[in-house]
Amino acid sequence: MFCLYSSNLYFKYFLIVNSGIIFKVYFGNSTKSVIIASEIRLISIFGAGLLVGTALSVIIPEGVEVLYSVKLGKILNLILSDRVQNENVESAEHHDDDDSSWPHKSIGISLVAGFLMMLLIDQASRAATGGERSRFSLTATIGLVVHAAADGVALGSASATKRTDVQFIVFLAIMLHKAPAAFGLVSFLLVEGLERARVKRHLLAFSLSAPITALLTFYILVAGSDSSFSAHSFTGVLMLFSAGTFLYVATVHVIPELTKVASDYQLVNAIGAQGAHSHSGGAPSFTIRELVAMIVGALFPALIASGHSHSH
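According to this note's numbering, the sequence shown holds residues 43 to 354 in order.
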């Protein structure tokens, strides 16, 4: 009951922050666009590091711990219930050997499944928009709505667990990922010449996509868990699946997009500075400030997780 209450509370925060993003973008002055764009880029880089750190240092260790704690609980349950008698110890040990590889196999399968699901969603959205950046506002909105829905699945999966610290870190990582996307969508639609009423409708669809899919995912997963052991093992698999989705979003979608933006920015500066010698022909890289933001974002979940473990 507490898990359900706390998860719903995070969903309320999710909706509130989405509304705040809408309000800020609607009523922000265009004269502040350059300052806001640089600040939002830094926030986006921090959010990308937070996604990687959350997957590697929080969700994956927690998922592995849950899976092996379920196996240990089954062994202790057999011992305490006196089901393992002296005459059938060998058969019980043989069954245990067959079952011992299940947590190990589930770790890799769950991570790969989450990664591949995001890959399929990404490819489907690109196929719907012709495979390139479309200049039509509808296809651009559809692509972002699909990505936001995938983020909602990750949030709903994390919210189905009983760890409030994991839920909060996942919530924070997704919000830092969505804020720059909302600003970029509105900027693109305004440049395309859409009136404010249509921009509001597009942004509303984008803002509601992740919370709705998160709620649906959460209630489907809660309804699908029956016994305590199956629920715990399902939670572990689910956390690893969510980690796979986070790794894809961060390493395949967010970080390459940020480096591409950096490359485009360097190209514009090189064109604008006529006669100046440019050495930016290599691979795009982050500035010192952006690299620090990425490192801090990646280490932040590990510090939170270590503090929680020492408190037990």
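Think of the CB as a built atom: it goes at the ideal place given N, C-alpha and C, for glycine as much as any other residue.
Residue 191 to residue 331, Cα distance in whole Å? Residue 191 sits at position 149 when you count from the first residue of the sequence shown. Residue 331 sits at position 289 when you count from the first residue of the sequence shown. Roughly 31 angstroms between the two C-alpha positions.
Enumerate in chain order the residues of its own chain whose CB-to-CB distance from residue 95 is below 7 angstroms, with the five nearest sequence positions on each side excluded. Walking along the sequence shown from the start, residue 95 turns up at place 53. Within the same chain, residue 95 has close Cβ partners 339, 340, 341, 342, 343, 344.
Is residue 91 helix, strand or coil when you go by DSSP? Working through the sequence shown from its first residue, we reach residue 91 at position 49. Helix.
Residue 107 (DSSP reduced to helix, strand or coil): Residue mapping note: residue 107 aligns to position 65 of the sequence shown, counting from 1. Helix.
Going by beta carbon distance, what residues of the same chain come within less than 6 angstroms of residue 198, once the five residues before and after it are set aside? Indexing the sequence shown from 1 puts residue 198 at position 156. The residues are 256, 259, 260.
Once the 5 residues before and after residue 286 are set aside, which same chain residues still bring their CB inside 6 angstroms of it? By one-based count along the sequence shown, residue 286 stands at place 244. Contacts found: 153, 156, 157.
Give me the Cβ distance between residue 100 and residue 211, rounded to the nearest whole Å; I'm assuming they're in contact under 8 angstroms. Residue 100 sits at position 58 when you count from the first residue of the sequence shown. Residue 211 sits at position 169 when you count from the first residue of the sequence shown. That pair is a contact at about 6 angstroms.
If you draw a straight line from the C-alpha of residue 103 to the C-alpha of residue 244, how long is it? Along the sequence shown, one-based indexing puts residue 103 at 61. Along the sequence shown, one-based indexing puts residue 244 at 202. Roughly 38 angstroms between the two C-alpha positions.
According to DSSP, simplified to helix, strand and coil, what is residue 237? Counted from its first residue, the sequence shown places residue 237 at position 195. In this structure, residue 237 counts as coil in the three-state DSSP scheme.
Distance, Cα to Cα, residue 85 vs residue 241? For the purposes of this step, residue 85 is taken as the residue at position 43 of the sequence shown. For the purposes of this step, residue 241 is taken as the residue at position 199 of the sequence shown. Whole-angstrom Cα-Cα distance: 23 angstroms.
Measuring CB to CB, does residue 248 end up less than 7 angstroms from residue 227? Working through the sequence shown from its first residue, we reach residue 248 at position 206. Working through the sequence shown from its first residue, we reach residue 227 at position 185. Contact flag set, yes.
With a CB to CB cut of under 7 angstroms and the five nearest residues on each side skipped, what residues in its chain are close to residue 354? Residue numbering aside, residue 354 sits at position 312 when the sequence shown is read from its first letter. Here the model assigns residue 354 a pLDDT of 48, short of 50, so the residue's position is not dependable, and the following value carries that caveat. Hits under 7 angstroms: none found.
By Cβ distance below 8 angstroms, which residues in the same chain neighbour residue 87 in space, the five residues on each side in sequence not counted? Numbered from 1 along the sequence shown, position 45 holds the residue referred to as residue 87. Closer than 8 angstroms at the Cβ level, and outside the excluded window around residue 87, lie 300, 328, 332, 335, 336, 339.
Does residue 96 come out as helix, strand or coil in the three-state DSSP assignment? Counted from its first residue, the sequence shown places residue 96 at position 54. Reduced to three states, the DSSP call for residue 96 is helix.
In angstroms, rounded to a whole number, what distance separates the CA positions of residue 231 and residue 105? Here residue 231 corresponds to residue number 189 of the sequence shown, with the count starting at 1. Here residue 105 corresponds to residue number 63 of the sequence shown, with the count starting at 1. Rounded to whole angstroms, residue 231 to residue 105 spans 40 angstroms at the Cα level.
Own chain, CB closer than 7 angstroms to residue 237, minus 5 neighbours either side, in chain order: The sequence position of residue 237 within the sequence shown is 195, counting from 1. There are no such residues.
Roughly how many angstroms separate the alpha carbons of residue 293 and residue 91, rounded to a whole number? In the sequence shown, the residue the question calls residue 293 occupies position 251. In the sequence shown, the residue the question calls residue 91 occupies position 49. Looking at the two C-alpha atoms, the distance is approximately 10 angstroms.
Assign residue 328 to one of three DSSP states: helix, strand, or coil. Translated into the one-based positions of the sequence shown, residue 328 becomes position 286. Looking at residue 328 - three-state DSSP - the assignment turns out to be coil, as it is neither helix nor strand.
With a threshold of 7 angstroms on Cβ separation, who are the neighbours of residue 283 within its own chain once the five nearest residues in sequence on each side are excluded? Mapped onto the sequence shown, residue 283 falls at position 241. Here the set comprises 152, 155, 156, 199.
Buried or exposed for residue 93, please, with buried defined as at least 16 other CB atoms from any protein chain shown within 10 angstroms of its CB. What you label residue 93 is simply residue 51 of the sequence shown in a count that begins at 1. Buried is the call here.
Near residue 193, what residues of its chain come up, given a Cβ to Cβ distance below 6 angstroms and the 5 sequence neighbours on each side ignored? Along the sequence shown, read from residue 1 onward, the residue named residue 193 stands at position 151. 216, 252.
Closest residue to residue 148 among 162, 110, 163 (Cα-Cα distance): Taking the sequence shown and counting its residues from 1, one reaches residue 148 at position 106. Residue 110 is the option with its Cα nearest to residue 148.
How close, in whole Å, do the beta carbons of residue 376 and residue 97 come, if the pair is a contact with beta carbons under 8 angstroms? Lying before the first or after the last residue shown, residue 376 is absent from the chain, which here runs from 43 to 354.
Examine chain C for any beta-carbon lying closer than 7 angstroms to the beta-carbon of residue 212, and answer yes or no. Protein chain content of the structure displayed is limited to a single chain, and chain C is not contained in it.
List the whole-angstrom C-beta distance separating residue 291 from residue 160, where the pair is believed to meet the contact cut-off of C-beta under 8 angstroms. Position 249 of the sequence shown, counted from the first residue, corresponds to residue 291. Position 118 of the sequence shown, counted from the first residue, corresponds to residue 160. The Cβ separation is near 6 angstroms, so the contact holds.
What's the gap between the Cα of residue 235 and the Cα of residue 254? Walking along the sequence shown from the start, residue 235 turns up at place 193. Walking along the sequence shown from the start, residue 254 turns up at place 212. Cα to Cα, the separation comes out at about 29 angstroms.
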